[in-house]
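To start, the structure under review is shown below, and the notes come after it.
Numbering (this note's numbering), first residue to last: -17 to 654.
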């Protein structure tokens, strides 16, 4: 048996695969104790953990620890003269026109930062040797009196020469052997001191929380006779054995949405579709990601609560437009949706758990797109009357009907999602019309056709049981490890031997890491060169063909970079500047899991979903239509209509058709 469990803001999803097929389970999340929700799903699925050989998990525990400031107390060790690095940050402002703007408080206050007497130059030369005689007594007093949970070390230019950081870590372990130590070079070997210091601090900050969380899970697994492989999802879209996530907590940040992207890539590929834009709408947020030729773009710098994280992450843009997002009127009298959310407790008003504020889910119930007689997660009855009551105060204030307000709220959410998709597509030189929209999550298929219509996209592909696609993605995800290093090299032919040597060094290091983790022998590699025109401040990632590495010329790399630059910026030909440089090297190693059946092969049948009449509000009026099982749609059906499976409702609006294909995916197309 193989089990994937993904914890979302509202529901915890489980996908179970064994010789009898696939079974899915949804239970309510327990934000105060997420591991309790995990085992609630195990119990609801009737799973004998002794029979499980592959247990994959994705969670937002690390992210929530940062957002809620509930991580450990961290000691930060920096080069002398750089004590204020986390306070100074960069000189940009997150909210340019907010006169009350304040930079977020750093995770480590100035009083918990200790300066280390040493200095390394940007080229790796030692400007000032590490003065251990001066450091040790300071360090002993600092750690003895601090009451710290972990230590982060980020020394100037350690990416070019890490031995000072390594030695300081040895001294810390000798003085305080029980304290976890995070060296910045073990998390990211990239330049830009503030960003690297932020990443090391984040990794150390979440480590105590993540470690305690994993220990609780492992204890219950061991107590239940589990002897299989326990893996965790990373933010780069691959997973690793759970024990390995402890050494770099930063790789667990933003890992939840990455599993859904992986599941969407695998399931859409069954229909021969490889260029997609994913749309994951759950209870609290909407996440979008662009996929080219079956591979998501990885960003080397993401942000958590405005704090930069320099680890490879699936390039996902997130907005507060989930099913639980609150609908409200701002001070200017305008209708707004999100970013605040009703969360799992009390949740939307229609859940009947005490919520009174209207949400996006309530809007769909009011408009008849969600069956008011349905039971979410198999057991949660909806209260349609409560959904209407929640909208009545806003409707009275605006002088509109409840249906008009609910429909307007849906449109506002759609426009916010459209803007997010433009950020990952048109703003980066990609035309969304060249891609297929793939929605998932409990609310993704409700909005997908409306979003595609606004972007003039002609096709939407909806995976079967899209509400649990993230849990499915955990089981189809590769085991992946990444490494990278900053080494600036001007692209001239005489630099190519050094370029090849650096790539070989990275691949050898990844191979050793994979051996240590016990990953399988069938491995594949990818390499991306971060490049820029000399004089630019920002770089672009350019993938290279490893099979042709020995024959690759500097001019080939320059031409590949210029093509990418033209796509993104629409300018920058070879005549514009004289030279191109490599800034950093990024490499990944991947081991594919066993073949997993399609989500269309779920053991539970949809036969229990009857075809019934339905009234759906859209385009300013009520439509008399039907509600039926999506599996009953084979030859095609015209909207408006609501199609249901065990985990989600697909809304097919007027002007769209829906039909199933052999892979079990549902394709929506605009009517010409």
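Here a beta-carbon is modelled for each residue, glycine too, at the ideal position from N, C-alpha and C.
Treat the numbers as computed from the prediction; the structure is a model and nothing was measured.
Exposed is the label assigned to residue 85, since fewer than 16 other Cβ atoms lie within 10 Å of its Cβ.
Under the criterion of beta carbons closer than 8 angstroms, residue 463 and residue 222 qualify as touching, at roughly 7 angstroms. Just so you know, the alpha carbons of residue 109 and residue 102 end up roughly 5 angstroms apart.
Comparing alpha carbon positions, the residue from 80, 460, 89 closest to residue 507 is 460.
Around residue 131, the same chain offers 54, 55, 190 as residues with beta carbons nearer than 6 angstroms, after the five sequence neighbours per side are excluded. CA-to-CA, the gap between residue 362 and residue 355 works out to about 10 angstroms. The Cβ atoms of residue -2 and residue -15 sit closer than 7 angstroms to each other.
Between the segment 19 to 26 and the segment 345 to 355 there are fewer than three C-beta pairs closer than 8 angstroms, too few to call the two in contact. Closest in alpha carbon position to residue 153, among 117, 136, 181, is 117.
Between residue 252 and residue 645, the CB-CB gap stays under 7 angstroms. If you draw a 10 Å sphere on the C-beta of residue 416, you find fewer than 16 other C-beta atoms in it, and that means exposed. By the criterion of a C-beta distance shorter than 7 angstroms, residue 232 is surrounded in its chain by 169, 181, 184, 185, 291, 293, once the five residues flanking it on both sides are discounted.
When the beta-carbon positions are compared, residue 349 and residue 389 come within less than 7 angstroms of each other. Here residue 564 has 471, 511, 513 as same chain residues with Cβ atoms under 6 angstroms from its own Cβ, once five neighbours each way along the sequence are excluded.
Three or more Cβ pairs closer than 8 angstroms define a contact, and the segment 607 to 622 meets that threshold against the segment 634 to 652. Bridge pairing for residue 461: 221, 573 [DSSP].
For residue 489, the closest C-alpha among the options 467, 474, 478 is that of 467. Excluding five sequence positions before and after residue 329, the CB atoms of its chain that fall closer than 7 angstroms to its own CB belong to -8, 306, 335, 337, given in chain order.
Pairing residue 480 with residue 149, the inter-Cα distance amounts to about 28 angstroms. When Cβ pairs closer than 8 angstroms are counted between the two stretches, the segment 261 to 277 is seen to touch the segment 234 to 249, the count reaching three or more.
Using a Cβ distance threshold of 7 angstroms, residue 402 and residue 301 count as a contacting pair. The alpha-carbon separation between residue 484 and residue 249 amounts to approximately 35 angstroms. Annotation: residue 318 to residue 408 spans about 25 angstroms, alpha carbon to alpha carbon. Judged by pairs of C-beta atoms under 8 angstroms, the segment 36 to 48 touches the segment 204 to 218, as three or more such pairs exist. Under DSSP, residue 625 shares a beta bridge with 610, 632. When secondary structure is reduced to three states using DSSP, residue 132 falls in the strand class.
Judged by their CB atoms, residue 342 and residue 395 are nearer to each other than the 7 angstroms cut-off. Between residue 406 and residue 288, the C-beta gap is not smaller than 7 angstroms, which leaves the two residues out of contact. Put simply, the backbone Cα of residue 128 is about 15 angstroms away from that of residue 159.
Pairing residue 161 with residue 98 gives a Cβ-Cβ distance that is not under 7 angstroms. Cα atoms of residue 648 and residue 640: separation of roughly 7 angstroms, rounded to the nearest angstrom. The beta strand (DSSP E) runs lying completely inside the segment 152 to 189 and spanning 3 residues or more are 163 to 165, given in chain order. Residue pairing of residue 3 in beta bridges, as defined by DSSP: 0. Excluding five sequence positions before and after residue 345, the CB atoms of its chain that fall closer than 6 angstroms to its own CB belong to 388, 391, 392, given in chain order.
Annotated three-state conformation of residue 311 is strand, per DSSP.
By the criterion of a C-beta distance shorter than 7 angstroms, residue 95 is surrounded in its chain by 58, 60, 65, once the five residues flanking it on both sides are discounted.
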